[in-house]
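In this note's numbering, the protein residues as written are 231 to 997.
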């Protein structure tokens, strides 16, 4: 039964092949394969002019009958070009292996005539095959059919070796072109945003506004870019669900799904084409055996070629993130799918070789192979690759991240280690080029992590953070001293936080978005600082464009800090399980001092300051995102004239805590009342207009509503107010997955209605 199934895969693959098996395009009397074909046809023939007890290499070098047959075959079958190098190779092989000198070409062939050669015995394929082991006492030559099939066997085998490697390199080239497209798309996006904002004239009346809107509509790049956003860049793959899981998996945005689908399709096609299998192969006579061999080798090579991509896409400090602007979540999706494809290929590779070994000698032969070092290492590599995929399902990653992470690291080390020993069988080490980059990427990533820790604090082992927990809001506020950081904090970035108090958990680290940076004067006495002393503001004199600083300066408001100021990075953390629950427990009774390690910053600052209108759709602790950007959007260099924050919270306590401790500070320090509007939605408690109105003291445009926010309505209303010009509306989503999906769908909807100045940004960390 197993033998019958052995023919199913080769048959299907032969149907899928775009290029059916063909006769070699090489002439049978030219090229290196001609000389090798002569050796192949005579390799299974025994000559009785040497002792049968000698090893095969010694007999092949000492037997005059063998050498004569070999040289005469080359004389009659092959052109002279390349003959000298071939003979020198035999001479070198015999000298180094058995210390035997081979007679010169002329000495062996010189005494033979054409008539003598015609009278020699012609060896048929059934006589010269590996299982025949005939012994002769005369000079023999392969007949035309045997030699032709031997030549074609070698031609096919070497072609497959070459094409396996080329198709493996094709995986790297595919992602190279994807990255190039990403870099170009990022440049186009910046050009569009920059052109829209930097050169947009201000309307003096309604007629001017209509004229400016018309100018935006005639932007050459505007329409194609808007169509790309509407149909490719922004939408979910199948219309709605993107952040929300579908069963035990998540579906990435459409542009990522198209990229992944193209990659999977490329792998599938390249694993199914260009096989030169034929009946009569000298090494593997059965067509099915050839197909198993070639398919197994192809899938094994391409799987290995995908390894550097898996390691590169899975690291935090992936240089491609900086080049394309794509976040960790995008490359994590690529990482998972490349790994899945490589795992399927490894499974096919292992099944193919298992089937061939079973066909040649049953389970006894398979058990014999399991004793071979390279073989059992390859089997282990496949088993652990499958295990990594099984233990990386969305449910486990989401609910038991620490278990997933530990298993992921351990299994990955085992896979890389066993793969190294699996390909060790190749003495020239040609396949190591796919192993060492993985190790290099890992070392580089860990090195950059350490550099980021050191740049944040040179005394990284002695950083003490203050954690406070408010029972009513169920919120942990973590303040980390940041005065020693060599990198100025920027909006929208996040940091990995390690808590070192408990040695059992000190290896654990989680990313948290920076809410804001709090500055205090060292010279101020505790409790006496006024808001103006807590933060040094920019001068109120507005500069002209020619006097403006760089873009990075426009994002930051700390260029005039006093050296006596100390800074603290503030993180807003909602406690759940694991890491965050331990933070809550530490600070539940009183503010806790925690020894922490800070690694960062990571992520990029979105160019929100170049949009005239910004809409934040946030939920819960997602409020950290508008808090992070608010100062950058309200400084002198920002083009933003209107900011609307739609915030969904479960309870009043959370709302009150954040408004009193975080927002009020910003509103007191800056004259931004006319630019910022906040609409708060209480989702699990009844709103009290009087009570909630008091919370909004200091915020001019403040509104509290009951129930969940109408995300689509909020996006559409603001898009209508902005109009169909290219003046720009940035929609930023950070909150529950349903809110993010609603915001994404709403942006696609308004883009379809012609509001092409809408840009969608999603601030979320996806494992």
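No residue lacks a Cβ here, since even glycine has one placed at the ideal position from N, Cα and C.
Computed from a predicted model, the values in this text were never measured in an experiment.
Item: Taking all protein chains shown into account, do 16 or more other C-beta atoms lie within 10 angstroms of the C-beta of residue 285, making it buried, or fewer, making it exposed?; Value: exposed
Item: Select from 893, 709, 417 the residue whose C-alpha is nearest the C-alpha of residue 693.; Value: 709
Item: What separation, rounded to the nearest whole angstrom, lies between the Cα atoms of residue 933 and residue 891?; Value: 19 Å
Item: Leaving out five residues on either side along the sequence, give the residues of the same chain with a beta carbon under 7 Å from the beta carbon of residue 548.; Value: 542, 561
Item: Taking DSSP's pairing of strands, which residues face residue 372 in a bridge?; Value: 353
Item: Is the beta carbon of residue 723 sitting closer than 9 Å to the one on residue 834?; Value: yes
Item: Evaluate the contact criterion for the segment 848-856 versus the segment 953-969: three or more CB pairs, one atom per stretch, below 8 Å.; Value: yes
Item: How many Å lie between residue 688 and residue 720 at the Cα?; Value: 20 Å
Item: Can you name the residues that DSSP bridges to residue 705?; Value: 700
Item: What do you get for residue 867, buried or exposed, if any count of 16 or more other CB atoms within 10 angstroms of its CB means buried?; Value: buried
Item: So, are the CB atoms of residue 740 and residue 810 less than 9 Å apart?; Value: yes
Item: Kindly list the residues whose CB is nearer than 6 Å to the CB of residue 843, restricted to its own chain and excluding five residues on each side of it in sequence; keep chain order.; Value: 872, 952, 959
Item: Can you have a look at residue 294 and say buried or exposed, based on whether 16 or more other CB atoms are within 10 angstroms of its CB?; Value: exposed
Item: So residue 1004 and residue 699 are in contact, right, with Cβ under 8 Å, and what is the actual spacing, rounded?; Value: Within the shown structure, residues of the chain are numbered from 231 to 997, placing residue 1004 beyond reach of any answer.
Item: My output table needs one value for residue 258: the three-state DSSP class, helix, strand or coil.; Value: Its pLDDT being 48, under 50, residue 258 is placed unreliably in this model, and the value from its coordinates should be taken loosely. In this structure, residue 258 counts as coil in the three-state DSSP scheme.
Item: Does DSSP put residue 994 in a helix, in a strand, or in coil?; Value: coil
Item: Among 518, 973, 962, which has the Cα closest to the Cα of residue 942?; Value: 973
Item: Nearest to residue 981 by CA position, among 459, 644, 581, 474, is which residue?; Value: 459
Item: With burial defined as no fewer than 16 other Cβ atoms inside 10 Å of the residue's Cβ, what is the status of residue 453: buried or exposed?; Value: exposed
Item: Straight-line CA distance for residue 773 to residue 830?; Value: Here the model assigns residue 773 a pLDDT of 36, short of 50, so the residue's position is not dependable and the matter cannot be decided.
Item: If we count Cβ pairs, one from each stretch, closer than 8 Å, do we get three or more for the segment 544-558 versus the segment 666-677?; Value: yes
Item: Assuming contact is defined by CB atoms lying nearer than 9 Å, are residue 580 and residue 555 in contact in what I supplied?; Value: no
Item: What would DSSP say about residue 562, mapped onto helix, strand or coil?; Value: helix
Item: Using a Cβ distance threshold of 8 Å, determine whether the segment 456-476 contacts the segment 360-374, with at least three qualifying pairs required.; Value: no
Item: With burial defined as no fewer than 16 other Cβ atoms inside 10 Å of the residue's Cβ, what is the status of residue 480: buried or exposed?; Value: buried
Item: Is residue 630 helix, strand or coil when you go by DSSP?; Value: coil
Item: Out of 894, 314, 812, state which residue places its alpha-carbon closest to the alpha-carbon of residue 734.; Value: 812
Item: Is it the case that the Cβ atoms of residue 313 and residue 381 are separated by a distance below 9 Å?; Value: no
Item: Along the beta strand (DSSP E) that carries residue 743, what are the first and last residues, could you check?; Value: 739-743
Item: Does DSSP classify residue 728 as helix, strand or coil?; Value: strand
Item: If you reduce the DSSP assignment to three classes, tell me which class residue 247 lands in.; Value: Bear in mind that a pLDDT of 40 at residue 247, under 50, signals an unreliable position, so the number given afterwards is only what the model happens to contain. Here residue 247 sits in coil by DSSP.
Item: Is the distance from the Cβ of residue 948 to the Cβ of residue 931 below 9 Å?; Value: no
Item: Am I right that residue 178 and residue 799 are in contact with their C-beta atoms under 8 Å? What's the rounded C-beta distance?; Value: Given a span of 231 to 997 for the chain in the structure shown, any question on residue 178 remains unanswerable.
Item: Go through its chain and collect everything with a Cβ distance to residue 537's Cβ below 6 Å, but skip five positions before and after it.; Value: 664, 668
Item: Please check the pair residue 876 and residue 944, which I expect to be a contact at CB under 8 Å, by giving their CB distance rounded to whole angstroms.; Value: 5 Å
Item: Work out the CA separation of residue 864 and residue 882 for me, nearest whole Å.; Value: 27 Å
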